[in-house]
Amino acid sequence: MKRLYIYFLFIPLMLVISCKELFFDDPANTSETNFEIFWSDFNKYYAHFKVNGINWDSVYLVNRPRVNAQTSSEELYNVLEEIIASMNDGHVNLYTPFATASCQDCIHDDYPSSGLINPFNYLVPGPRQPNIEIMEYRMVSGHNIGYILLKQFSGDESSFGIIDTIIDEFRNTNGIIIDVRGNGGGNSNNAEIVASRFADKKRLYSRYIVKVGAGENDFSDWYDVFITPAGDVQYSKPVVVLTSRKTFSSAEGFVLAMRELPNTTIVGDTTGGGMGSPVYRELPNGWVFRLSTKLFTTKEYEILENIGIAPDITEITTRQDSIDGIDRILERGIEVIEN
């Protein structure tokens, strides 16, 4: 009996040791291991292989031989940087202590940067708001029209509560222009906070699926995304949303939501076409990368990645227009509300 008792004590001990080895041992911090984990995580969770025309197995076959036991950190970075640059996805990045890898070609340089667009030439002068980093608002000079510049959707959700103050100040206007040109996105919850103040009722505006496994078709079921009225007051007068090729990510989600509203018109250029909803992962060497895990579509299941959202009314502001202080997109937005 004593021998049997010792034997049964030994089995749990072995299970504990085995479980520890299985679940708690950190992977080796080698260039080969870091490459394998990078490739494997993308294989399991990246949602845009098909829409971006990427053969991930081929990427492995081409690049795995370039990494071996003697590969330095700098050499590994160069390999991963080349892979990322070829993926054509603005939501794919690699962050290291010495450099950041991204898709530079995903930025539309043919459109004036947000710094060159100066809508304040058209607005009533006034003091800058304290939340200048996320949004500013003014009245349009010579018109009973409010103007809101949404620079980004990053930041605390509480910061976007100022939209209620803005709606109240603009309650007697003939319309509101919302400018998301150059808005690269941020937190989709913040985009929904703003959009909800213009919603008349709950409306379906988008759908998405999530990559959940290593198989090419390992996706979740479809999720529906709705815009729902929120806040003390909803603005129901005419609204114009200004867009450009530099409107990305959750700012595109905002445009999708707003275009469902019967009082809203989208004016400008087609948006950037990048709605990845990225997550962050860490390699054994401490490097952090992010990847798109969701594939978003319109409510009709139309894929927008690399395509973007077309405006209701197309208008372009050229670089020369910007240099001359002319904002043709804003002018067209004013025209839409006045007419």
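Residue numbers (my numbering): 625 to 963.
Just so it is clear, CB atoms sit at the ideal spot from N, CA and C, and this is done for glycine as well.
These figures come from a predicted structure and were not determined experimentally.
Exposed is the label assigned to Y847, since fewer than 16 other Cβ atoms lie within 10 Å of its Cβ. Of the candidates T922, F744, R762, F673, T922 places its Cα closest to the Cα of R883. Listed as beta-bridge partners of G770 by DSSP are M763, I800. In this structure, I772 and I800 form a Cβ contact; the two beta carbons are roughly 6 Å apart against a cut-off of 8 Å. Put simply, the segment 935-943 does not touch the segment 847-859. Fewer than three CB pairs are less than 8 Å apart. Residue environment: Y925 is assigned as exposed (fewer than 16 neighbouring CB atoms within 10 Å of its CB, all protein chains considered). Going by C-alpha positions, E840 is about 12 Å away from V675. Looking from the CA of R762, the closest CA among F794, G779, F777, G806 belongs to F794.
A direct Cα-to-Cα measurement between Y829 and A881 gives close to 5 Å. Straight-line spacing of the CA atoms in V764 and G770 works out to 6 Å.
Spatial neighbours of E757 in its own chain (CB-CB distance under 8 Å, excluding positions within 5 residues in sequence) are listed in chain order as K775, Q776, G779. In this structure, the beta-carbon distance from A725 to E698 does not fall below 8 Å. Nearest Cα to V903 within the set F659, G808, Y859, R914: R914. Here V912 is not near T867, since their CB atoms are 8 Å or more apart. By the 16-neighbour rule on beta-carbons within 10 angstroms, E959 is exposed. Counting C-beta pairs closer than 8 Å gives fewer than three between the segment 884-892 and the segment 686-701, which falls short of the contact rule.
Here DSSP, grouped into helix, strand and coil, assigns N717 to strand.
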